[in-house]
Amino acid sequence: MTAARLFLPLSLALLAGCASAPKQNVSVDNQSACPLQLENGQNLILTLPSNPTTGYRWAIQDSAGGVLRALSPEVYSSTESGVIGGGGQSTWRFQAFAKGQGRLRLTSQQPWEPEVEPVETFDCAITVN
Numbered sequence: 001m002t003a004a005r006l007f008l009p010l011s012l013a014l015l016a017g018c019a020s021a022p023k024q025n026v027s028v029d030n031q032s033a034c035p036l037q038l039e040n041g042q043n044l045i046l047t048l049p050s051n052p053t054t055g056y057r058w059a060i061q062d063s064a065g066g067v068l069r070a071l072s073p074e075v076y077s078s079t080e081s082g083v084i085g086g087g088g089q090s091t092w093r094f095q096a097f098a099k100g101q102g103r104l105r106l107t108s109q110q111p112w113e114p115e116v117e118p119v120e121t122f123d124c125a126i127t128v129n
């Protein structure tokens with residue numbers, strides 16, 4: 001084979017090797033990362049500051065159910081071990097399962113006072129390609 005005939009297949013092979021697949025996990029820890037674009041099958045890991053000892057809890061108001069599905073319930077972890085009343089973080093895991101758009105919306109408030117405005121809100125537009 002001549003060099004000209006080898007050039008095209010080798011070039012295509014090199015270009016295919018350079019194409020990168022999207023990351024399997026996309027981590028978000030604040031609203032400035034929004035809006036989010038995910039690929040079908042990607043996992044979204046949402047981590048927000050939390051301190052349930054104050055009575056405030058994050059609650060999912062809109063789970064973008066048409067495009068995301070929950071992989072696990074909320075998991076709380078303390079950032080300071082051994083400190084009573086110290087804050088921590090809550091983590092949720094979702095997976096993009098269908099093309100489309102949705103909103104992931106969580107509010108932080110005391111569950112026994114639902115009429116009081118939330119002290120914090122996380123609101124993120126999600127697009128799954």
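Each residue of the sequence shown is one higher than the last, beginning at 1 in our numbering. Glycine included, C-beta positions come from ideal geometry on N, C-alpha and C.
If you draw a straight line from the Cα of Q109 to the Cα of F94, it comes to about 22 Å.
Here the C-alpha atom of A125 lies approximately 11 Å from the C-alpha atom of S32.
Checking the DSSP bridge columns, you'll see G88 partnered with S50, S78.
For T47, the closest C-alpha among the options F122, N129, T127, V128 is that of F122.
Between Q37 and N129, the beta carbon gap of about 7 Å places them in contact (Cβ cut-off 8 Å). For T53, the CB contacts under 6 Å within the same chain, skipping 5 residues up- and downstream, are G85 in chain order.
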